[in-house]
Structures are given as structure tokens and as C-alpha cells.
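**Student:**
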Amino acid sequence: QVQLVESGGGLVQAGGSLRLSCAASGSTFSLHTFAWYRQAPGKQRELVASIDTDGRSINYADSVKGRFTISRDNAKNTVYLQMNSLKPEDTAVYYCKNLLLKLWGQGTQVTVSS
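Per the working numbering, the very first residue in the sequence shown carries number 25; after that it's consecutive.
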């Protein structure tokens, strides 16, 4: 059974950086596309970034372009989200999603203080 486990969240000051990781179980990781979503309190879950199977096609929400970088390591079955120049409005629970299987991770909290 495929599972996704996020890690790397935490509390950081505005302007700081965090790197989120999404470790996936299963032997077909390299065949799947992935995305990071986030959900702030009282708001709908929104797409942050997505990446295709070999990392050649990447998309970002306008709000994070130039600050966040999504990547993947197929040898490690892991998807990453490098977040730089963090802002208080980036505060949310961040979720990893396997787009093919429509499978979510449990989420990791990111809190950015001003």
C-alpha cells in the first residue's frame, strides 16, 4: 500500500527558509506525478506546486513563484519543497499529494512569524 509521509515543517521567522520532504512508499514512485498543497486556517486547500515524473514539467502558484522550488529524487522516493523568503501568509498545513493515485499525506505545519 502506497503511503506518503511529510516532514520538515516548523516555526520560522519571516525571511527564513524551510525544506519539506515527502517520502513515498512503493516501487512505482518514478511513474507518478506529485504536488504540494497547503491549507491555512479558514481557507480552502490550494495548490502550491506540481512536478511530473522526471522533473521536466513544473508548475507553481503565482504566490510562491521565485521563492519556492519543488524537486524530486526518484532514487530516494522523495519529493521536496524548498521554501525561501518565507512570509507570514505562507503559514499553513502543507500536504503532499500523489496525483495519479489521488493519495494525500498527513500534512506538516509551517508557521512563519512576523
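Note that the Cβ used here is the ideal one computed from N, Cα and C, for glycine as well.
Which whole-angstrom value is the C-beta distance of F92 and Y104, which I expect to be below 8 Å?
**Tutor:** Locating residue 92 in the sequence shown gives position 68, where the first residue counts as 1. Locating residue 104 in the sequence shown gives position 80, where the first residue counts as 1. The pair is not a contact, with the Cβ atoms about 10 Å apart (cut-off 8 Å).
**Student:** Per DSSP, which one or two residues make a beta bridge with R43?
**Tutor:** As a first step, residue 43 must be located in the sequence shown, where it is residue number 19. Answer by DSSP bridge pairing, in chain order: Q106.
**Student:** Is it right to say N114 is buried, meaning 16 or more other beta carbons lie within 10 angstroms of its own, or is it exposed?
**Tutor:** Working through the sequence shown from its first residue, we reach residue 114 at position 90. Looking at the sequence itself, residue 114 is Asp, so the reference to Asn does not match. With 16 or more other Cβ atoms within 10 Å, it is buried.
**Student:** Where R96 and G131 are concerned, what is the direct C-alpha to C-alpha distance, given to the nearest angstrom?
**Tutor:** Looking up residue 96 in the sequence shown gives position 72. Looking up residue 131 in the sequence shown gives position 107. Cα-Cα distance, rounded: 18 Å.
**Student:** Using the three-state DSSP reduction, which class does D97 fall into: helix, strand or coil?
**Tutor:** In the sequence shown, counting from the first residue as 1, residue 97 sits at position 73. Of the three classes helix, strand and coil, the one that applies to D97 here is strand, per DSSP.
**Student:** For the pair the stretch 70-87 and the stretch 30-47, tell me if three or more CB-CB distances fall below 8 Å.
**Tutor:** No, because fewer than three Cβ pairs between the stretch 70-87 and the stretch 30-47 fall closer than 8 Å, the two stretches do not touch.
**Student:** Quick check on S54: does DSSP put it in helix, strand or coil?
**Tutor:** On the sequence shown, position 30 is the one that residue 54 refers to. Looking at S54 - three-state DSSP - the assignment turns out to be helix.
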